[in-house]
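Peer 1: Provided herewith is a single structure, encoded as structure tokens, for subsequent inquiry.
Protein chains: 2
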Amino acid sequence: MANPIDFYFDFSSPYGYLASTRIDDLAGHYGRSVKWRPMLLGAAFKESGQKPLLDIPLKGEYAKRDFARFARLYNLKFRLPDAFPFAAINPSRAFYWLDDKDPALAKRFAKAVFRQAYVDGRDVTPVDFVCDLAAGMGVDKDKLKAGITSAEFKERFRGEVEAAVQRGVFGSPFIIVDGEPFWGADRLAQVEEWLVTGGW
Amino acid sequence: MANPIDFYFDFSSPYGYLASTRIDDLAGHYGRSVKWRPMLLGAAFKESGQKPLLDIPLKGEYAKRDFARFARLYNLKFRLPDAFPFAAINPSRAFYWLDDKDPALAKRFAKAVFRQAYVDGRDVTPVDFVCDLAAGMGVDKDKLKAGITSAEFKERFRGEVEAAVQRGVFGSPFIIVDGEPFWGADRLAQVEEWLVTGGW
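Chains as they are written, first to last, in numbering that gives the first Met the number 0: chain A, 0 to 199; chain B, 0 to 199.
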């Protein structure tokens, strides 16, 4: 079987959310699986010198309008959380902790995080919020909390983020298909074309 | 008849070039005309604090790969001029000078500028290069040169660029359909959807 497609995203990226609602179906249509890889754009920004979208004059105003418009096109409810952008460290760590045990559960958890943030406008950053969300999906809250707050697991997540930046991930979503990088929710059509054609 | 679609671009933007090869056909399919409006990204960058794509670590490397890949998808020859990015003041001024007299000719001229830059890799910035290119299309070179180097016309072009930034144009291409802004060559599909549906 072909290698999984790598789907990098930051939970604090509405475009990551938009792509997350389609990437698995899209890939599955071509017999491909998808490995979800939450990362932190802040780490990439340190390398690239970029800054959060809404802090950029002109572009930030456009982005706010575009988030909502893009979501309507996908028939998704959408709002920005009051605290935005946010540091998605805890939900990301929880994702990898769950992913080590049950990748399908980890994806369901990630989808729930996205919905809490962009449908309900919740603050998804507190460790207890994250652990309660997972507990609602049958996860042992205490084990999860102990896991993701351990020095070892913090290091693990730091390594994941560093590896993403090393691979050139500078934005969200960032999709790598057989070594070929595609940046942006608006590139899913090109990702699909790459899967259809095997590259052009 | 509906208002024309505004197509803002910088000649120094490969994504502007890519979109320029499709925007008129796309709009025409829905009975819409397109007003081409060259501008200077540098002026927008002063407002937004952004900088040229290739100067941005990680993103610049991706962009170089993406320019070429996107062009292949469109079956277009593509190279970057040796001097890139470039200050497209003269070709832009010449465009508006021609546009005042013959908009169809101005578009043919703009397409020729894009081809000279991104197919042949020429430096399209010198005033004599620009005027010779137009002369090859039947334009009186001396009149054009006198026109675009006049203080009055410099002011005219400055006003066009300022108006673009005032409208929120921060990137290239930037397409405005009935007041609705779309940024990026990868958004042509959404522009089309907007034309089909009248907005969503």
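Think of the CB as a built atom: it goes at the ideal place given N, C-alpha and C, for glycine as much as any other residue.
What would DSSP say about residue 35 of chain A, mapped onto helix, strand or coil?
Peer 2: strand
Peer 1: Compute the distance between the beta-carbons of residue 116 of chain A and residue 181 of chain A, then report whether it is under 8 Å.
Peer 2: no
Peer 1: Give the interface partners of residue 71 of chain B over in chain A, defined as CB-CB distance under 7 Å, in chain order.
Peer 2: 199
Peer 1: Look at the Cβ atom of residue 61 of chain B, then the Cβ atom of residue 17 of chain B, and state whether they are nearer than 8 Å.
Peer 2: no
Peer 1: Using a Cβ cut-off of 8 Å (strictly closer), state whether residue 22 of chain A contacts chain B.
Peer 2: no
Peer 1: Just verifying my parser: in three-state terms, what is the DSSP assignment at residue 180 of chain B?
Peer 2: strand
Peer 1: Counting only runs of 4+ residues fully inside the stretch 136-193 of chain A, write out the alpha helix (DSSP H) ranges in chain order.
Peer 2: The stretch 136-193 of chain A contains these whole alpha helix (DSSP H) runs: 140-147 and 150-165.
Peer 1: Just verifying my parser: in three-state terms, what is the DSSP assignment at residue 29 of chain B?
Peer 2: coil
Peer 1: Does the separation of the CB atoms of residue 37 of chain A and residue 133 of chain A fall below 8 Å?
Peer 2: no
Peer 1: Between which residues of its own chain and residue 173 of chain B is the CB-CB distance below 6 Å, once the five residues before and five after are set aside?
Peer 2: 7 and 182
Peer 1: By the three-class DSSP mapping on this structure, what secondary structure does residue 4 of chain A have?
Peer 2: Judged by DSSP in its simplified three-state form, residue 4 of chain A adopts strand.
Peer 1: What does the alpha-carbon distance come out to for the pair residue 119 of chain B and residue 158 of chain B?
Peer 2: 31 Å
Peer 1: Beta-carbon within less than 8 Å of residue 144 of chain B's beta-carbon, same chain only, minus the 5 sequence neighbours each way: which residues are those?
Peer 2: 126, 127 and 130
Peer 1: Is residue 47 of chain A close to chain B, meaning its C-beta is less than 8 Å from at least one C-beta of that chain?
Peer 2: yes
Peer 1: Give me the Cβ distance between residue 56 of chain B and residue 84 of chain B, rounded to the nearest whole Å; I'm assuming they're in contact under 8 Å.
Peer 2: Not really, about 16 Å apart at Cβ, beyond 8 Å.
Peer 1: So residue 169 of chain B and residue 43 of chain B are in contact, right, with Cβ under 8 Å, and what is the actual spacing, rounded?
Peer 2: For a cut-off of 8 Å, the C-beta gap from residue 169 of chain B to residue 43 of chain B is around 5 Å, short enough to register as a contact.
Peer 1: Hey, how far is the Cα of residue 86 of chain B from the Cα of residue 12 of chain A?
Peer 2: 33 Å
Peer 1: If residue 164 of chain A sits next to residue 46 of chain A, beta carbons under 8 Å apart, how far is it from one beta carbon to the other, in whole angstroms?
Peer 2: 6 Å
Peer 1: What residues of chain A sit near residue 180 of chain B, judged by a beta carbon separation below 9 Å?
Peer 2: 61, 64 and 65
Peer 1: Using a Cβ cut-off of 8 Å, pull out every chain B residue sitting near residue 202 of chain A, in sequence order please.
Peer 2: In the structure displayed, chain A extends from 0 to 199; residue 202 of chain A sits before or after that span and is not available.
Peer 1: So, is residue 150 of chain A buried or exposed, given that buried needs 16 or more other C-beta atoms within 10 angstroms?
Peer 2: exposed
Peer 1: Please determine, among A/135, A/82 and A/32, the residue with the shortest C-alpha to C-alpha distance to residue 121 of chain A.
Peer 2: Among A/135, A/82 and A/32, the Cα nearest to that of residue 121 of chain A is on A/82.
Peer 1: Under 8 Å between the Cβ atoms of residue 152 of chain A and residue 68 of chain A?
Peer 2: Contact: no.
Peer 1: Just to confirm, is the Cβ distance from residue 2 of chain B to residue 139 of chain B under 8 Å?
Peer 2: Result no, Cβ atoms of residue 2 of chain B and residue 139 of chain B do not sit closer than 8 Å.
Peer 1: Once DSSP output is grouped into helix, strand and coil, what is the label at residue 118 of chain A?
Peer 2: coil
Peer 1: I'd like the span of the alpha helix (DSSP H) that includes residue 40 of chain B, first residue to last.
Peer 2: 40-47
Peer 1: Of the choices A/14, A/4 and A/5, whose alpha-carbon is the least far from that of residue 185 of chain A?
Peer 2: A/14
Peer 1: On a Cα-Cα basis, can you pick out the residue from A/26, A/29 and A/35 that is closest to residue 200 of chain A?
Peer 2: Residue coverage of chain A in this structure runs from 0 to 199, which leaves residue 200 of chain A outside it and unanswerable.
Peer 1: Alpha carbon to alpha carbon, what distance is there between residue 64 of chain A and residue 71 of chain A?
Peer 2: Counting only the Cα atoms, residue 64 of chain A lies some 11 Å from residue 71 of chain A.
Peer 1: Kindly list, in the order they appear in chain A, the residues whose Cβ is closer than 7 Å to that of residue 56 of chain B.
Peer 2: 46, 47 and 48
Peer 1: Of all the residues that make up the stretch 157-177 of chain B, which are near chain A by a beta-carbon distance shorter than 7 Å?
Peer 2: 167 and 169
Peer 1: Does residue 15 of chain B have its Cβ less than 8 Å from a Cβ in chain A?
Peer 2: no
Peer 1: Tell me whether the beta-carbon of residue 194 of chain A lies closer than 8 Å to the beta-carbon of residue 29 of chain A.
Peer 2: Going by C-beta atoms, residue 194 of chain A is nearer than 8 Å to residue 29 of chain A.
Peer 1: Report buried or exposed for residue 58 of chain B, applying the criterion of at least 16 other Cβ atoms within 10 angstroms of its Cβ.
Peer 2: buried
Peer 1: Any beta carbon of chain A sitting closer than 8 Å to that of residue 186 of chain B?
Peer 2: yes
Peer 1: In the DSSP assignment, find the unbroken alpha helix (DSSP H) run with residue 12 of chain A in it and report its ends.
Peer 2: Here residue 12 of chain A belongs to no alpha helix (DSSP H), and DSSP marks it neither H nor E.
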